[in-house]
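Taking it in order: structure first as C-alpha coordinates, then the write-up.
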Amino acid sequence: MRSLTTLAAFVALGVSAFAASPVLSPAKEFDFVGPSGGHMLLSSLKGKVVIVQGLLVTCPHCQEMSRVLTKLQNEYGPRGFQAMGIAYDVDAAAAQTYVTQYHVGFPVGYASEDTFRSFLGHSVLERLMFPQELIIDKKGVIQAASAAGGTPELQTEPNLRVWIEKLLGPASTSTKKAAATTASTTK
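All residue numbers for the sequence shown refer to this note's numbering, where the first residue is 676 and numbers rise by one.
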(Lines of atoms letter the chains of each structure in order from A and count residues from 1; the text may use other names and numbers.)
(Lines give C-alpha, C1' and ligand atoms only; values in the text may rest on other atoms or scores of the structure.)
Protein backbone atom coordinates (compact mmCIF):
# COMPACT_ATOMS: atom_id res chain seq x y z
CA MET A 1 0.00 0.00 0.00
CA ARG A 2 2.84 2.38 0.88
CA SER A 3 4.53 1.89 -2.50
CA LEU A 4 1.20 2.56 -4.25
CA THR A 5 0.87 5.84 -2.34
CA THR A 6 4.45 6.79 -3.22
CA LEU A 7 3.83 6.01 -6.89
CA ALA A 8 0.65 8.10 -6.87
CA ALA A 9 2.56 11.02 -5.34
CA PHE A 10 5.29 10.85 -8.03
CA VAL A 11 2.69 10.67 -10.81
CA ALA A 12 0.85 13.66 -9.35
CA LEU A 13 4.08 15.67 -9.10
CA GLY A 14 5.03 14.72 -12.65
CA VAL A 15 1.66 15.78 -14.04
CA SER A 16 1.77 19.09 -12.16
CA ALA A 17 5.29 19.76 -13.44
CA PHE A 18 4.10 19.32 -17.02
CA ALA A 19 1.05 21.53 -16.38
CA ALA A 20 3.28 24.34 -15.12
CA SER A 21 5.56 24.29 -18.17
CA PRO A 22 5.14 27.25 -20.50
CA VAL A 23 3.67 26.39 -23.85
CA LEU A 24 5.41 28.16 -26.72
CA SER A 25 2.84 29.09 -29.30
CA PRO A 26 2.45 31.69 -32.01
CA ALA A 27 0.82 34.89 -30.76
CA LYS A 28 -2.73 35.36 -31.96
CA GLU A 29 -3.34 38.26 -34.29
CA PHE A 30 -4.47 41.38 -32.51
CA ASP A 31 -5.68 44.63 -34.01
CA PHE A 32 -4.51 47.43 -31.69
CA VAL A 33 -7.06 50.20 -32.12
CA GLY A 34 -5.49 53.33 -30.71
CA PRO A 35 -7.36 56.19 -29.07
CA SER A 36 -7.16 58.21 -32.30
CA GLY A 37 -8.76 55.34 -34.23
CA GLY A 38 -5.56 54.20 -35.92
CA HIS A 39 -4.94 50.47 -36.30
CA MET A 40 -1.77 48.41 -35.84
CA LEU A 41 -1.67 44.66 -36.25
CA LEU A 42 0.49 42.67 -33.85
CA SER A 43 1.81 40.69 -36.83
CA SER A 44 3.31 43.91 -38.21
CA LEU A 45 5.77 43.79 -35.29
CA LYS A 46 7.41 40.50 -36.33
CA GLY A 47 11.14 40.98 -36.18
CA LYS A 48 10.83 42.86 -32.87
CA VAL A 49 10.70 41.64 -29.30
CA VAL A 50 7.29 42.67 -27.99
CA ILE A 51 5.84 42.94 -24.52
CA VAL A 52 2.08 43.38 -24.48
CA GLN A 53 0.68 44.84 -21.27
CA GLY A 54 -2.97 44.17 -20.51
CA LEU A 55 -4.08 46.92 -18.18
CA LEU A 56 -6.89 48.55 -16.29
CA VAL A 57 -6.77 52.34 -16.55
CA THR A 58 -7.55 52.69 -12.81
CA CYS A 59 -5.01 50.12 -11.59
CA PRO A 60 -1.96 51.53 -9.72
CA HIS A 61 0.07 48.38 -10.54
CA CYS A 62 -0.72 48.88 -14.23
CA GLN A 63 0.33 52.53 -14.02
CA GLU A 64 3.66 51.49 -12.48
CA MET A 65 4.14 48.77 -15.12
CA SER A 66 3.47 51.32 -17.87
CA ARG A 67 6.14 53.56 -16.33
CA VAL A 68 8.62 50.65 -16.39
CA LEU A 69 7.70 49.68 -19.96
CA THR A 70 8.07 53.30 -21.10
CA LYS A 71 11.58 53.31 -19.61
CA LEU A 72 12.41 50.00 -21.31
CA GLN A 73 10.93 51.24 -24.60
CA ASN A 74 13.20 54.28 -24.51
CA GLU A 75 16.22 52.16 -23.72
CA TYR A 76 15.67 49.07 -25.91
CA GLY A 77 13.51 50.50 -28.70
CA PRO A 78 16.51 51.26 -30.93
CA ARG A 79 17.55 47.59 -30.65
CA GLY A 80 14.18 46.21 -31.77
CA PHE A 81 11.99 46.19 -28.66
CA GLN A 82 8.37 47.34 -28.73
CA ALA A 83 6.01 47.68 -25.77
CA MET A 84 2.29 47.69 -26.51
CA GLY A 85 -0.67 48.17 -24.22
CA ILE A 86 -4.26 46.94 -24.27
CA ALA A 87 -6.66 48.82 -22.01
CA TYR A 88 -9.27 46.39 -20.81
CA ASP A 89 -12.96 47.10 -21.39
CA VAL A 90 -12.76 50.88 -21.93
CA ASP A 91 -13.35 53.27 -24.78
CA ALA A 92 -10.96 55.41 -26.83
CA ALA A 93 -11.28 58.44 -24.54
CA ALA A 94 -10.32 56.46 -21.42
CA ALA A 95 -7.32 54.91 -23.20
CA GLN A 96 -6.14 58.34 -24.39
CA THR A 97 -6.57 59.82 -20.91
CA TYR A 98 -4.44 56.99 -19.49
CA VAL A 99 -1.66 57.59 -22.03
CA THR A 100 -1.68 61.34 -21.39
CA GLN A 101 -2.07 61.25 -17.61
CA TYR A 102 0.66 58.67 -17.01
CA HIS A 103 3.04 59.80 -19.80
CA VAL A 104 2.98 56.38 -21.47
CA GLY A 105 5.67 56.18 -24.14
CA PHE A 106 4.27 53.30 -26.21
CA PRO A 107 1.03 52.62 -28.12
CA VAL A 108 -1.99 51.70 -26.02
CA GLY A 109 -5.04 50.26 -27.74
CA TYR A 110 -8.28 49.23 -26.15
CA ALA A 111 -10.46 46.14 -26.34
CA SER A 112 -13.68 44.66 -25.04
CA GLU A 113 -13.53 42.04 -22.31
CA ASP A 114 -14.29 39.20 -24.76
CA THR A 115 -11.63 40.30 -27.27
CA PHE A 116 -9.06 40.81 -24.52
CA ARG A 117 -9.68 37.43 -22.87
CA SER A 118 -9.65 35.63 -26.20
CA PHE A 119 -6.33 37.21 -27.15
CA LEU A 120 -4.71 36.29 -23.84
CA GLY A 121 -6.27 32.82 -23.83
CA HIS A 122 -8.09 33.25 -20.52
CA SER A 123 -11.59 31.90 -19.91
CA VAL A 124 -14.45 34.09 -18.70
CA LEU A 125 -14.50 31.78 -15.68
CA GLU A 126 -11.00 32.88 -14.61
CA ARG A 127 -10.56 35.91 -12.39
CA LEU A 128 -8.02 38.20 -14.03
CA MET A 129 -5.41 40.07 -12.04
CA PHE A 130 -3.67 43.07 -13.55
CA PRO A 131 -1.39 43.89 -15.15
CA GLN A 132 -1.23 40.96 -17.57
CA GLU A 133 1.90 40.50 -19.72
CA LEU A 134 2.78 38.62 -22.86
CA ILE A 135 6.40 38.40 -24.01
CA ILE A 136 6.70 37.66 -27.73
CA ASP A 137 9.93 36.91 -29.58
CA LYS A 138 11.05 38.22 -32.98
CA LYS A 139 9.33 35.31 -34.75
CA GLY A 140 5.96 36.09 -33.17
CA VAL A 141 6.10 33.24 -30.66
CA ILE A 142 4.89 33.75 -27.09
CA GLN A 143 7.81 33.05 -24.77
CA ALA A 144 6.08 33.96 -21.48
CA ALA A 145 2.59 34.92 -20.43
CA SER A 146 0.88 35.91 -17.22
CA ALA A 147 -1.41 33.42 -15.59
CA ALA A 148 -4.97 34.72 -15.11
CA GLY A 149 -4.12 35.36 -11.47
CA GLY A 150 -1.05 37.37 -12.44
CA THR A 151 2.59 36.42 -12.62
CA PRO A 152 4.75 38.61 -10.36
CA GLU A 153 7.97 37.53 -12.13
CA LEU A 154 6.71 39.27 -15.28
CA GLN A 155 6.03 42.47 -13.37
CA THR A 156 9.51 43.43 -12.26
CA GLU A 157 11.95 45.54 -14.23
CA PRO A 158 14.97 43.27 -13.62
CA ASN A 159 13.12 40.17 -14.85
CA LEU A 160 11.76 42.01 -17.90
CA ARG A 161 15.28 43.19 -18.71
CA VAL A 162 16.51 39.59 -18.62
CA TRP A 163 13.78 38.55 -21.06
CA ILE A 164 14.40 41.49 -23.39
CA GLU A 165 18.18 41.02 -23.41
CA LYS A 166 17.83 37.28 -24.00
CA LEU A 167 15.39 37.71 -26.89
CA LEU A 168 17.15 40.68 -28.50
CA GLY A 169 20.55 39.02 -28.40
CA PRO A 170 23.88 40.76 -27.97
CA ALA A 171 24.06 44.46 -28.79
CA SER A 172 26.66 45.82 -31.15
CA THR A 173 29.16 48.32 -29.75
CA SER A 174 27.48 51.25 -31.55
CA THR A 175 24.08 50.17 -30.23
CA LYS A 176 25.45 49.99 -26.67
CA LYS A 177 26.89 53.51 -26.99
CA ALA A 178 23.60 54.86 -28.37
CA ALA A 179 21.63 53.13 -25.57
CA ALA A 180 24.00 54.56 -22.93
CA THR A 181 23.58 58.05 -24.39
CA THR A 182 19.78 57.67 -24.46
CA ALA A 183 19.71 56.33 -20.89
CA SER A 184 21.84 59.21 -19.58
CA THR A 185 19.68 61.87 -21.28
CA THR A 186 16.36 60.38 -20.06
CA LYS A 187 17.33 60.30 -16.36
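Every residue, glycine too, gets a C-beta built ideally from N, C-alpha and C.
Values in this document were obtained by computation on a predicted structure and should not be read as measured data.
- The residues Gly-755 and Gln-757, in chain order, have a CB closer than 6 Å to that of Lys-723 in the same chain once the five nearest residues on each side in sequence are set aside.
- For Ala-758, the beta-bridge partners assigned by DSSP are Ile-726.
- Less than 8 Å divides the Cβ of Ala-762 from the Cβ of Tyr-773.
- In the structure shown, Pro-710 falls within a coil segment according to DSSP collapsed to helix, strand and coil.
- In this structure, Leu-842 sits near Lys-813, with a CB-CB distance shorter than 8 Å.
- Just measuring C-alpha positions, the residue of Ala-820, Val-816, Pro-753 and Arg-792 sitting nearest Ser-718 is Val-816.
- In the three-state DSSP reduction, Ala-767 falls in the helix class (H, G or I).
- In this structure, the CA atom of Val-727 is about 9 Å from the CA atom of Ala-820.
- The beta carbon of Ala-769 sits closer than 8 Å to those of Val-732, Ala-762 and Tyr-785, all from its chain and outside the five residues before and after it, given in chain order.
- The beta carbons of Val-725 and Glu-832 sit no closer together than 8 Å.
- Linking Gln-748 to Ile-839 through their CA atoms gives a straight-line distance of about 10 Å.
- Of the residues assessed, Ser-741 falls on the buried side of the cut-off, its CB having 16 or more other CB atoms within 10 angstroms.
- The alpha carbon of Pro-827 has as its nearest neighbour, out of Thr-790, His-736 and Leu-716, the alpha carbon of His-736.
- In the DSSP annotation of this structure, Leu-809 is not part of any alpha helix (DSSP H); the continuous beta strand (DSSP E) holding it starts and ends at 807-811.
- Its chain contains Ala-823 as the residues whose beta carbon lies nearer than 6 Å to that of Glu-801, once the 5 sequence neighbours on both sides are disregarded; these appear in chain order.
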